[in-house]
Each structure stands twice: as structure tokens, then as C-alpha cells.
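> Structure provided below as C-alpha cells; questions to follow.
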Amino acid sequence: MEGQSGDSGIPSLRDHVDVFLCSKEGRAYLGQVPGVSMSLIRSDQELADVLNFMVFQFGGESLQPNTKPYTAAEVHALRQHPVKVDDIMTYRAEILGRALPACQHSKTP
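Okay, here's the thing in C-alpha cells:
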């Protein structure tokens, strides 16, 4: 597990995932995207642990020093409002476009 997506059309997470955490909206997106919010992992704590692994393991160069881990309570609240859009990639790009100005760096995923 390296955070790389290969040629699947799904953007890589390595050194980019923490850009989402530069904004409240981006942080929420990571917990509301369908593959997360509707995960078969039913325990909010276990899902928070997975999100935290993803952020802290794959954040790499993009990891901000003040990054806070997800909590079970936060994950529980986010799961109540999963992302429901027709074009998830466009929505993702919009979220990132709004998050980037808040980041302390200019690296884009």
C-alpha cells in the first residue's frame, strides 16, 4: 500500500492528501466521499483510524505541522452526509481549488 493509483484515472494520494485538510470543506470531503462514508467498515473509530493512516502515512511532503487526526465522533458526523454528486472528479477538483489557497505550500495533486 503506497498511496499510488497507477493508471486508473484515480489521483494519487502520496504527498497530496493533506491538501484536502487545508480547508474545513476539504477535510469533510475525505470523510464524506462515497468510498469512505459508505464503507463496509462500520465502526466510526476504525474508519477514523483508516483515515488517519491515509493522512499521516501518505501526506508526506504535503503534511502540515498542525494536522489534527480524525476522531470517531467527527467520522460519525461526516458519514451522515455522504457526497452525492454526478461527477465526483469535478467536485473533487472544486474542493481542491478552494483548499489550495489555505495551504502553506503550492504543491497540487
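For the sequence shown, full-length UniProt numbering begins at 1 and goes up steadily by one. Glycine residues also receive a C-beta, built at the ideal position from the N, C-alpha and C atoms. These numbers were taken from a predicted model, which means no experiment stands behind them.
(1) Excluding the 5 residues preceding and the 5 following N52 in the sequence, name in chain order all residues of the same chain whose CB lies nearer than 6 angstroms to its CB.
(2) Straight-line CA distance for A73 to H16?
(3) Does DSSP classify Q32 as helix, strand or coil?
(4) Put G38 into one of helix, strand or coil per three-state DSSP.
(5) Could you check the C-alpha separation between T67 and D86 for me, to the nearest Å?
(6) On the criterion of 16 or more Cβ atoms from any shown chain inside 10 Å, does L40 qualify as buried, or is it exposed?
(7) Buried or exposed: where does residue 121 fall if 16 or more other Cβ atoms within 10 Å of its Cβ makes it buried?
For this structure:
(1) Taken in chain order, the residues that qualify are P69, Y70.
(2) Roughly 25 angstroms between the two C-alpha positions.
(3) When secondary structure is reduced to three states using DSSP, Q32 falls in the helix class.
(4) Correcting the residue type first, residue 38 is Met in the shown sequence and not Gly. Looking at M38 - three-state DSSP - the assignment turns out to be coil, as it is neither helix nor strand.
(5) Near 30 angstroms, if we compare the C-alpha coordinates of D86 and T67.
(6) Its Cβ having fewer than 16 others within 10 Å, L40 is exposed.
(7) The requested residue 121 is not part of the displayed model; the chain covers only 1 to 109.
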